Amino acid sequence: MDECTCLRVGMAAPDFEAIAVVDLEFRRLRFSRFRRDRHVVLLFYPLDFTFVCPTELAAFSDRHDEFDHLNTRILGISVDSHYAHLAWLQTPRTEGGIWGLAFPLVSDVTKGISRAYNVLDPAAGVALRGLFIIDPAGIVQHVTVNHLPFGRSVDETLRTLRAIQHTQAFIDEGCPVDWQEGEQTVHLGRSPASLETFD
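Heads up: the sequence shown is residues 1 to 199, going by this note's numbering.
Below you can see the structure in the form of structure tokens.
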């Protein structure tokens, strides 16, 4: 059996350069430059012009301002060509498109990015629904990978992002189950007996 080379939390996010559609224009995008002192949410998805994918991308786009407020960029990636991306971006939402999307889409036609992030489904030849939160230092802080038929949660992504940012700002604090911004945290390093009970 081959040794697992899976990308894990705490590892450096693989850099890449590829053609992306940015504001309805084709541009070469270098991930390390795109990141530039921000957190990034990488959204891998299977294919353009499908069924679950437009619901996910539209939902993340509609709440783009909340991510921007958290100094976070979003980047979508699939194995489609940049021409397919552009056509999908120019299609109205009422017709299954993602018109008005607030973040770029990267073309991974070689499937190299999907392989590097270990989300390529070899049987289907497309990326699984991988979501990565990467911090400004380029370190992977969170990973989820959904099977193809079901989408991800914008609410949970924002909650996780806020928890990551809080624990990076306050390194002696941890965020307990279902923590929301403004709620009590756990002070790390105390003995379990000294921790307050959360009702």
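By construction, the Cβ of each residue, glycine as well, lies at the ideal position given by its N, Cα and C atoms. Values in this document were obtained by computation on a predicted structure and should not be read as measured data.
Please look up how many angstroms separate the CB atoms of I19 and R28, rounded, as I've assumed it's under 8 angstroms. Contact check for I19 and R28: beta-carbon distance about 6 angstroms, within the 8 angstroms limit, so the pair qualifies.
Starting from V41, follow the beta strand (DSSP E) in both directions and report where the run begins and ends. Its beta strand (DSSP E) spans residues 39-44.
Are the CB atoms of R38 and P104 within a distance shorter than 8 angstroms? Between P104 and R38, the gap from beta carbon to beta carbon reaches 8 angstroms or more.
Where F34 falls: helix, strand or coil (DSSP): It is helical.
Say whether the segment 181-189 touches the segment 82-95, bearing in mind that this needs 3 or more beta-carbon pairs closer than 8 angstroms, one atom from each stretch. Counting C-beta pairs with one atom in each stretch, the segment 181-189 and the segment 82-95 have fewer than three that are closer than 8 angstroms, which means they do not touch.
What is the residue span of the alpha helix (DSSP H) that I113 lies within? Membership of I113 in the alpha helix (DSSP H) is indicated by the continuous run 112-116.
S61: first and last residue of the uninterrupted alpha helix (DSSP H) it sits in: Per DSSP, the continuous alpha helix (DSSP H) segment holding S61 begins and ends at 52-62.
Please classify T72: does DSSP put it in a helix, a strand, or coil? Correct three-state label for T72: strand.
Hey, out of Q168, D62, T167, L188, whose CA is closest to I253's CA? Limits of the chain in this structure are 1 at one end and 199 at the other, which puts residue 253 out of reach.
With 8 angstroms set as the bound, which would you pick, yes or no: does the beta-carbon of L128 sit closer than that to a beta-carbon of chain C? This model lacks chain C altogether, as it is built from one protein chain only.
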